[in-house]
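Residue 107 in the UniProt record's numbering is what sits at position 107 of the sequence shown, and the numbering runs on without skipping anything.
Presented below is the structure to which this report refers.
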Amino acid sequence: MKDGTRDDYLLLEELEKPYLALTADRVLDELKRQAEATLPGYRITRAGHGLQAATRAEAQGADIDWIVGALLHDIGDGLAPQNHDRFSAEVIRPFVRWEVAWVVGHHGIFQMLYYAHHYGWDRHARDRFRDHPCFQVCADFCERWDQASFDPDFPTKPIAHFEPMVRAVFARKAHDPEVIREGVVTGLPAL
């Protein structure tokens, strides 16, 4: 790489554009793969879980960043089940508000409140983030949209309903400071 010239890198940048333009397609393909099977013991697929969370978010008046964040909060489960939250956050981080990426990246430890004690783990591990500006938003995300979205009878909107939103988010300029708004916390919509 160190021997590349400016012209070499400008050429690579141009050649990379079609690949980058297909990011939404790759994300949607992964979501569709997650709809084909579920983890043993679960009554819904991983995609079904994300679709329920996104359906709940939309019904509660969330904006596009929160809806797509809810939809894709577990997209990393297939490749990184032990740290799917961080993996999922990295997929969406360049395209959504900072607070949404932070919540997706930390929802795993916040979810432990509901089940960790059954394994002898610390269900209050999330408290180490108590002073973080996104603490309450993440707690609310988990309570309202994540932990509640494992119901096989919940009327869930299909992938096709959310596809235009996914495409709109991934069509944004990556790392746009006007979108990312680092440090700004708006929270979830009021109930």
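For every residue, glycine included, the Cβ atom is placed at its ideal position computed from N, Cα and C.
{"Asked": "Stretch pair the stretch 24 to 43 + the stretch 157 to 169: three plus CB contacts closer than 8 Å", "Found": "yes"}
{"Asked": "With 16 other Cβ atoms within 10 Å as the buried cut-off, status of R144", "Found": "buried"}
{"Asked": "Cβ-Cβ distance between G108 and D122 below 9 Å", "Found": "no"}
{"Asked": "Same chain, Cβ closer than 6 Å to G76, neighbours up to 5 away in sequence not counted", "Found": "H84, F87 and S88"}
{"Asked": "R167 versus A116, D153, T55 and L72, residue with shortest Cα-Cα distance", "Found": "L72"}
{"Asked": "Cβ contact check for the stretch 46 to 55 and the stretch 173 to 183: 3 or more pairs under 8 Å", "Found": "no"}
{"Asked": "DSSP-derived helix/strand/coil call for I109", "Found": "helix"}
{"Asked": "Rounded C-alpha distance that separates K157 from W98", "Found": "26 Å"}
{"Asked": "Neighbour-count burial assignment, G183, 16 or more Cβ in a 10 Å radius", "Found": "exposed"}
{"Asked": "F154 (DSSP reduced to helix, strand or coil)", "Found": "coil"}
{"Asked": "Secondary structure of W121, DSSP reduced to three states", "Found": "coil"}
{"Asked": "Where M165 falls: helix, strand or coil (DSSP)", "Found": "helix"}
{"Asked": "Cβ contact (3+ pairs, closer than 8 Å) linking the stretch 34 to 47 and the stretch 58 to 69", "Found": "no"}
{"Asked": "Proximity of S149 and G78 at Cβ, strictly below 9 Å", "Found": "no"}
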